[in-house]
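To convert, note that position 552 of the sequence shown is 551 in numbering that gives the first Met the number 0; the numbers rise steadily by one, no gaps. All residues carry an ideal CB built from backbone N, CA and C; glycine is no exception.
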Amino acid sequence: MTRDKADTLLLLLAALMVLLPHFAHLPLWTSITATLTLAWRAAITLLGRRLPPLWILLPVSVLAMGGVYLSFRTLLGRDPGVAMLALLLAFKLLEMQARRDLYVVVFLCFFLLLTDFFYSQSIFTALTMMATIVMLLTALVTFQYTGIVPPLKQRLLMAARIFLVAAPLGLLLFVAFPRIQGPLWGLPGDARSGRTGISDTMAPGSLSSLAASDEVAFRVRFFDPRPRQDQLYWRGVVLSNYDGRTWTRSGRPLYRGGLPAGLSIHLRGPGIRHEITMEPSGKRFLFTLEFTEPDLSIPGQRLRNSDELESYVMEPLHERLRYRAKAYTDFSLKGEASPARTAQWRQLPPGFNPRALELAASLRALDDPAAAVRAVLRKFRSEPYRYTLTPPALGRDAVDEFLFASRAGFCEHYASAFVYLMRAAGIPARVVTGYQGGELNPVDGYLIVRQSDAHAWAEVWLGEQGWQRVDPTAAVAPQRVEQSLARAIPAEPPFGLEGLAGLVDLQNDRESWLSWLRFNANAINNSWNQWVLDYNPERQRNFLAELNFALGNWRSALGLALVALLLFAAQRLRAGRGRDPVDAAYQAFCRQMARRGLPRAPDEGPRSYAARLLAAALPEDKKAAMKEFLELYGALKYGVPDSGGRTHSVKRLNTLLMQSR
């Protein structure tokens, strides 16, 4: 294979490594077009065909840009921008006519590689990007050779060394360069889409759709003993309005800190200090362990509370957020609500669920709210109700159909029906959505709360007892609250094949090798999130303070370090300019041979040294490169000067130096 073919195929491989991660989020036609274009370019190279003319490339490029516009209805934003870059990279490979085109392609690859961080910033993404950078550097190194090119393995090692030499400077800049709160670019609308999780509405099926998602909602680190599993209720959104099918928030105004007027809290036992790291959700509400004191303080965030004990930030969360809190699992909420608020918590739309209203009339006759609660829970517990992820679809009278026909549902069905019955019986009640439980990672001690832990429960007002949490799901499937969703509803085997059911058992068994791998991978990813992705201005100040940098002078220290680095680089540059490149190459060659155990004697000339090296037990290809190197060095050092060909000879000398390694 000729040199040009090998160089082109290497560049195509590097470009493919850049494009592959983007295929997961680009339109299918874009990925297919880019792949076929790379395959076309590879075929042209291997078969020795001519590149397509401009009159073909130009219309194809215009059509591709039109396709991007039709797919996104715009050419602006993250996704259309990345799609255009991917197509332009592929088309540029079809018009590489000159040497400078190679560099254009490589640097376009570097730019497109950076955009992968728009979609994922996981440690796996970072590692694959590092491997791709080494491949791109290998292509750049290859383009520098004018003569014989070293083997690919040798060029890969050289590129890896270049990367490793640059890594400390990159690490220094990452640690010490002033951090900016938030990203350097504005997030377009499409960067905020696609988030899953709890929303501010609830309808039948809205939470069961999350049960199959292993996506992490947040992680929790406890500084005090962790509560029992059945005490881990992570409060999110309170839903007070009901239209017959969907529950929504009341829309009451938010306020700063403290308990709402007329409400008092009675706390018992020690508080539980903990730290929550929320994943980006695109929402404004926070999740807190019931009951968390409503005086959270998060640097860089403006917090608000609602009179239904919700916590909000003023801007949607598009970045990971960490906050500390203190919670009390043994508490009671007491006080008095205004008649208007009490009426809202009893509100029901007219004309729905006649059978449920009849049942509620019997509950009202008990004349005891606590007895009414016990009666409904007893009904759920004693009658053949099922807890399932796949309940049948419900019609207009959803509560009636659930209570008296299907008797199968997920947590939102039970919470919705329970609150409906309480309101119909004249008892103030509301739905609370959030998460329940979590999985403790024994490797790093963090509690992992996933989207599959999404849950809904009820709160009822029991007069002097105040607001009381009631979880009707616990009456039907107590193992859901006491253990986990996987214990309450065993997962189906992959692809519905019973022979693969053992994989489910392995995943659920915390002592299995699969769980060990899963926990360790999660701990590594969590460490990456905590120390790299969440390295914000506050953490930078704390870290530099631990290194004995005072807040007021660390910038000066960084400036001095950069000045010293520049002075060192300038000194090395001047030293290099004053030294003959031929002598420098010869000295490097001698050091190289000394590392092989064949040092040059002080009185040994190039010819004598060459004779001794050729007699040594070395590979024949290395001997040939060494012999040519020493002969060329002797000619340049002691022969007749030839200024016209000296530059080329020096390049050849350095190439032979690399080949003799």
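Let me check you understand the geometry: is the CB of residue i closer than 7 Å to at least one non-hydrogen atom of the ligand FMN?
i, result
"A614", "Annotation note on the ligand FMN: not contained in the displayed structure, which lists no ligands."
Could you pull the start and end residues of the alpha helix (DSSP H) that residue i belongs to?
i, result
"N524", "W512 to W527"
"L37", "L27 to L46"
"T127", "I122 to Q143"
"T7", "R2 to L18"
"A175", "L151 to A175"
"Q586", "P580 to R594"
"L631", "E619 to Y637"
What first and last residue would you give for the beta strand (DSSP E) that runs through residue i?
i, result
"F221", "V215 to F221"
"V448", "L446 to R449"
"R234", "Y232 to L238"
"R429", "A428 to Q435"
"R267", "L262 to R267"
"Q478", "Where Q478 is concerned, there is no enclosing beta strand (DSSP E), although the alpha helix (DSSP H) it sits in stretches over P477 to E481."
"E458", "A453 to W460"
"R611", "Note, R611: premise wrong, no beta strand (DSSP E); alpha helix (DSSP H) at P605 to A614."
"A210", "Element bounds for A210: n/a, residue is neither H nor E."
"Y322", "L320 to A326"
"W466", "W466 to V469"
Taking the C-alpha atoms as reference points, what is the distance between residue i and residue j?
i, j, result
"L661", "E627", "No answer is possible for residue 661: the residues shown for the chain start at 0 and end at 660."
"G324", "P348", "Checking the displayed sequence, the identity of residue 324 turns out to be Ala instead of Gly. So the two alpha carbons sit approximately 38 Å from each other."
"T247", "D199", "6 Å"
"P441", "R429", "36 Å"
"P58", "L163", "43 Å"
"Q346", "P427", "9 Å"
"L209", "G268", "34 Å"
"A476", "G436", "14 Å"
"L87", "L111", "10 Å"
"L308", "R540", "33 Å"
"V662", "T73", "The question about residue 662 has no answer, for the chain in this structure spans 0 to 660."
"L629", "L151", "24 Å"
"F217", "E537", "20 Å"
"R377", "A474", "8 Å"
"G633", "P618", "23 Å"
"S119", "A392", "36 Å"
"L113", "V81", "10 Å"
"V418", "V459", "8 Å"
"Y608", "F123", "49 Å"
"M657", "G444", "50 Å"
"L655", "M16", "30 Å"
"S280", "T472", "26 Å"
"L35", "A615", "51 Å"
"E400", "E438", "34 Å"
"A662", "L613", "Outside the modelled stretch of the chain, which goes from 0 to 660, sits residue 662, for which no answer is possible."
"A407", "W39", "56 Å"
"G638", "A583", "18 Å"
"T29", "L402", "49 Å"
"C589", "L652", "13 Å"
"V148", "N524", "40 Å"
"S239", "Q529", "36 Å"
"I264", "Y232", "17 Å"
"V469", "M421", "11 Å"
Using a Cβ cut-off of 8 Å (strictly closer), state whether residue i contacts chain D.
i, result
"Q482", "The chain labelled as chain D is not found in the depicted structure, where only one protein chain is given."
Between residue i and residue j, which are expected to be in contact by the criterion C-beta below 8 Å, what is the C-beta distance as a whole number of angstroms?
i, j, result
"M128", "D115", "6 Å"
"V174", "L155", "Actually they are not in contact, since the Cβ atoms of V174 and L155 sit about 28 Å apart, beyond 8 Å."
"A33", "A85", "5 Å"
"R319", "E274", "Not confirmed; about 12 Å, so no contact."
"Y311", "L288", "So it is not a contact: roughly 17 Å between Cβ atoms."
"L365", "A374", "7 Å"
"V237", "V431", "5 Å"
"F90", "S60", "5 Å"
"V581", "V649", "6 Å"
"G465", "K333", "4 Å"
Item to complete: Take every Cβ of the region 402-416, pair it with every Cβ of the region 197-208, and state whether three or more of those distances are shorter than 8 Å.
Response: The region 402-416 vs the region 197-208: in contact.
Fill in: Start-end ranges of the beta strand (DSSP E) lying completely within the region 269-310, minimum 3 residues
Unbroken beta strand (DSSP E) runs of no fewer than 3 residues, entirely contained in the region 269-310, are found at 271-277 and 302-304, following chain order.
Worksheet entry | Those runs of the alpha helix (DSSP H) which lie wholly inside the region 39-107 and span at least 4 residues | Taken in chain order, the whole alpha helix (DSSP H) runs of length 4 or more contained in the region 39-107 are 53-71 and 77-91.
Worksheet item: Hey, is the region 27-44 in contact with the region 1-14, meaning 3+ C-beta pairs nearer than 8 Å?
Response: Judged by Cβ distances under 8 Å, the region 27-44 makes contact with the region 1-14, as three or more pairs qualify.
Discussion item. Contact between the region 362-369 and the region 377-394 is defined here as three or more beta-carbon pairs at a separation below 8 Å; is this criterion met?
Written reply: With fewer than three CB-CB distances shorter than 8 Å, the region 362-369 does not count as touching the region 377-394.
Discussion item. List, from N- to C-terminal side, the alpha helix (DSSP H) runs of 4 residues or more that fit wholly inside the region 333-409.
Written reply: Runs found: 338-343, 353-364, 368-381 and 397-400.
Discussion item. For the region 302-321 against the region 353-362, do three or more pairs of beta-carbon atoms, one drawn from each stretch, fall closer than 8 Å, so that the two count as touching?
Written reply: With the cut-off at 8 Å, the region 302-321 and the region 353-362 do not touch.
Discussion item. With three or more beta-carbon pairs closer than 8 Å as the criterion, would you say the region 212-229 touches the region 448-468?
Written reply: With the cut-off at 8 Å, the region 212-229 and the region 448-468 touch.
Item to complete: Say whether the region 221-229 touches the region 276-284, bearing in mind that this needs 3 or more beta-carbon pairs closer than 8 Å, one atom from each stretch.
Response: Touching, no.
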